[in-house]
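Student: Going by my numbering, the sequence shown opens with residue 109, and the numbers climb by one from there.
One structure, pasted below without further comment.
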Amino acid sequence: MVVALAGAVVALLSAYVLAPQGSVNLDEVVYLNQAEAIAHGHLTYDADAYTPDLRPYLTGLAGDRLVFKYQPLWPALLAAAGVTTGDHRPALVVAGAAAALAFWLLARELTGRAGLAAAAAVGVTLSPVFVAHSGTALAYLPAAALGAAALAAALRAGTTGGLRWAAAAGLGLGLLFFHRPYDAVIVGAPVGIWLLWRARAASRWRPVVVLGAAALPGLVIWLAY
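Here you go:
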């Protein structure tokens, strides 16, 4: 509770006090435009509604549709906050709390001590990079949260053989791949090698199979999109 509250409060102050109008990073505009489209039930824009000079930032023309650069997972959460509250920033607060919990899970796996993990996670929430990103519509912090949570679950699955942890790790990596494929490869490749090595040494393959099966839907959704 302490860790989640720390992440939420930092994100709230960053979003509403430090950067109430957003940051100077123009990628925020892309995520917010995409969230607006999703809020109206569309994944793309009708190209006929725009002239070439007024094409939204970082969109591409595909047939008669304007498509966005990024995958829609994070914009969908921003859209949900906008539809329910009239403001996308509550999603940033929720993401801040979730990210702090993800870092706590990872730190607990690495240290084996819940109190030390809580101190580490709170320290992360107070770091400049967390403060700067938690108040923006950029997708880096949600990606870091998915990566940390998936890595923590994979470590637990590798040491205990727990299939539920393996499924959670696979689900997290699949969602991360749908969200930001490059980040998923950075996290998933070393984790996969480590799990395969442990599975070969202990002749325990079920966690690896479960993890791969749980990650597959994220890859399929990414390909479909």
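Heads up, the beta-carbon is just placed ideally off N, CA and C, and yes, glycines get one too.
1) Between the beta-carbon of Leu-281 and the beta-carbon of Leu-319, is there less than 9 angstroms?
2) Helix, strand or coil, according to DSSP, for Gly-168 in the structure here?
3) Quick one: grab the DSSP three-state call for Val-125.
4) Looking only at its own chain, which residues have a Cβ that is under 7 angstroms from the Cβ of Trp-182, when we skip the five neighbours before and after it?
5) To the nearest angstrom, report how far apart Ala-240 and Gly-269 are at their CA atoms.
6) What are the partner residues of Arg-173, as DSSP defines its beta bridges?
7) Give me the residue from Gly-115, Leu-134, Ala-145, Leu-234 with the minimum Cα distance to Leu-185.
8) Kindly indicate which three-state DSSP category Ser-242 falls into: helix, strand or coil?
9) Using the rule of at least 16 other Cβ atoms within 10 Å of the residue's Cβ for burial, across every protein chain shown, is Val-201 buried or exposed?
10) Report the start-end ranges of each alpha helix (DSSP H) in the stretch 195-269 that is 4 residues or longer and not cut off at the edges.
11) Return the first residue and the last residue of the alpha helix (DSSP H) that Gly-280 is part of.
12) Could you check whether Leu-113 and Ala-256 sit closer than 9 angstroms to each other, using their CB atoms as the reference points?
13) Just verifying my parser: in three-state terms, what is the DSSP assignment at Gly-410?
14) Return helix, strand or coil for Arg-163, following the three-state DSSP convention.
15) Would you mind giving the Cβ-Cβ distance between Ala-322 and Leu-279, rounded to the nearest angstrom? I have them listed as a contact below 8 angstroms.
16) In whole angstroms, what separates the C-alpha of Val-230 from that of Glu-217?
Tutor: In this structure, then:
1) For Leu-281 and Leu-319, yes; Cβs fall inside 9 angstroms.
2) In this structure, Gly-168 counts as strand in the three-state DSSP scheme.
3) Helix, per DSSP.
4) By the criterion of a C-beta distance shorter than 7 angstroms, Trp-182 is surrounded in its chain by Tyr-139, Ala-247, Pro-250, His-287, once the five residues flanking it on both sides are discounted.
5) Computed Cα separation, rounded: 37 angstroms.
6) Answer is Asp-154, Ala-170, bridged to Arg-173.
7) Each of Gly-115, Leu-134, Ala-145, Leu-234 was checked against the Cα of Leu-185, and the nearest Cα belongs to Ala-145.
8) It is helical.
9) With a 10 Å radius around the Cβ and a threshold of 16 neighbouring Cβ atoms, Val-201 comes out buried.
10) Counting only runs that start and end inside the stretch 195-269, the alpha helix (DSSP H) elements of at least 4 residues fall at 197-219, 222-233, 236-242, 248-268.
11) According to the DSSP assignment, Gly-280 belongs to the alpha helix (DSSP H) that extends over 271-287.
12) No.
13) With the chain covering only 109 through 333, there is no way to say anything about residue 410.
14) Correct three-state label for Arg-163: coil.
15) Going by Cβ atoms, the distance from Ala-322 to Leu-279 rounds to 5 angstroms, so yes, they are a contact pair.
16) So the two alpha carbons sit approximately 16 angstroms from each other.
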